[in-house]
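What follows is a single structure, written as structure tokens, with notes after it.
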Amino acid sequence: MSATKDNFANPGPLGLCGFALTTWLLCLINAGIFDSQSLGLVLGMAFAFGGSAQMIAGMFEFKKGNTFGFTAFISYGAFWWSWALFVTFFKENVPATFVAWYLGAWGTFTLMMFLATFSKPKALSAIFFFLTLTFYALAIGDGTGNHSIVNIGGYLGLITALCAFYLAAAEILNESYAKTILPIGERK
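If you want this note's numbering, it's the 1-based position in the sequence shown plus 1.
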């Protein structure tokens, strides 16, 4: 995820920041650090930054010919939009067990994306590893009604967000200084 031959900016850090910041805020609630009264701010972030920034980043990854980046950013941008729409308009009519299936499906999609990271930097693999665990923990917690498992999912999501922040910072700093400031675990 670096600047392209056409001198376009690297869209990766924008998408990663949109993902990381929105994930961080939601997972503060899932972990039980803040209560659900804070959800309104997360909804705004999900539409404005989590969803939109990732959609924009995904479109530019498409232009670069980066299938992985395109698929990841567009998909998780759509996740944030669908989640925000669900919570805003439809949550009261949907059983928690079906929400668990939604989260489990995203966990399975994320597992597929994780498997595609084995040729990419280890920092990217870490994001998808922890995000897979996050989705599955949240799915199990919602499906069983066990709030302690939801809290675990929240903490896993906080780790995921930190990994995404790290990779975004590394890409910005490493490109800005034209040398490795923060290593990302390039594979050989």
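We treat Cβ as the ideally placed atom computed from N, Cα and C, and that holds for glycine. Since we're looking at a predicted model, the values are computed, not measured.
Comparing alpha-carbon positions, the option among Gly41, Gly146 and Tyr77 lying closest to Ala21 turns out to be Tyr77. In the three-state DSSP reduction, Asp36 falls in the coil class, being neither helix nor strand. Look at the segment 110-151 and you find these whole runs of alpha helix (DSSP H), each 4 residues long or longer: 123-145. The Cβ atoms of Ala171 and Ile185 sit closer than 8 angstroms to each other. Around the beta-carbon of Tyr137, 16 or more other beta-carbon atoms lie within 10 Å, marking it buried. The beta carbon of Leu125 is closer than 7 angstroms to those of Thr118 and Leu168 in its chain, skipping five residues each way along the sequence. Two segments are said to touch when three or more pairs of C-beta atoms, one from each, lie closer than 8 angstroms; by this definition the segment 96-105 does not touch the segment 37-57.
Inter-residue distance for Gly70 and Ala10 is about 14 angstroms (C-alpha atoms, whole angstroms). Restricted to the segment 59-113, the alpha helix (DSSP H) segments that are unbroken, complete and at least 4 residues in length are 68-86, listed in chain order.
Taken through DSSP and simplified to helix, strand or coil, Gly186 comes out as coil.
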